[in-house]
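Quick note: the sequence shown uses the working numbering, first residue 88, plus one each step.
Ideal Cβ placement from N, Cα and C applies to all residues, glycine included.
Comments concern the structure below.
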Amino acid sequence: MDCIFCNIVSGKIPARKIHETQRSLAFLDAFPLTKGHSLVIPKTHYMKIQEMTDVDNADLFESVRVISARMERISPSSLVAIHNGKESGQEVPHVHVHLIPRHATDGVGPV
């Protein structure tokens, strides 16, 4: 399988890492909607959330909580989004959580 996120985890593709645990990794999005747009992924390849182990799920969402708290330093609010399957708009078939800092004047509009 040739998964871009698995290649980031293995170091084959560089990423601007902002947080890492034994089970999850957070990095800045290569094509951000706003400054600071980040992705949090499990290091193990899962296509959908319901496939994840309880331990990996807990670690992933603890990382989401940690990064969200850091984002409050630069933005009053953030969008936390998950596309869970191709029909929902998931472009990379590896579980990932978008964390997008939002400002009233960011020009992105509703997502």
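Residue span of the beta strand (DSSP E) that contains residue i, given as start and end
i: R48; result: Since the first residue of the chain shown is 88 and the last is 198, residue 48 is not available in this structure.
i: I128; result: 125–129
i: V167; result: 164–168
i: A113; result: 111–115
Pairwise C-alpha distance: residue j and residue i
i: H124; j: I95; result: 17 Å
i: Q137; j: G176; result: 17 Å
i: C93; j: R152; result: 22 Å
i: H132; j: S150; result: 17 Å
i: V142; j: S165; result: 25 Å
Same chain, Cβ closer than 6 Å to residue i, neighbours up to 5 away in sequence not counted
i: L115; result: R103, S125
i: L120; result: I187, V195
Residue i CB to nearest heavy atom of the ligand FAD below 7 Å
i: L112; result: No copy of the ligand FAD appears in this structure; indeed no ligand is present at all.
Close-in-space but distant-in-sequence residues of the same chain around residue i (CB under 8 Å, 5 per side omitted)
i: E178; result: H170
i: C90; result: H132, V179, P180, H181
Limits of the unbroken alpha helix (DSSP H) element including residue i
i: V153; result: 141–158
i: S97; result: 91–97
Reduced DSSP category for residue i - H, G, I as helix; E, B as strand; rest coil
i: K104; result: strand
i: E178; result: coil
i: K173; result: helix
8 Å Cβ cutoff met for residue i and residue j
i: H106; j: I154; result: yes
i: M134; j: P101; result: no
i: A168; j: V198; result: yes
i: K99; j: P188; result: no
Proximal residues to residue i (C-beta, below 7 Å), its chain only, five neighbours per side dropped
i: S111; result: V127, I128, P129, K130, D146, L147, S150
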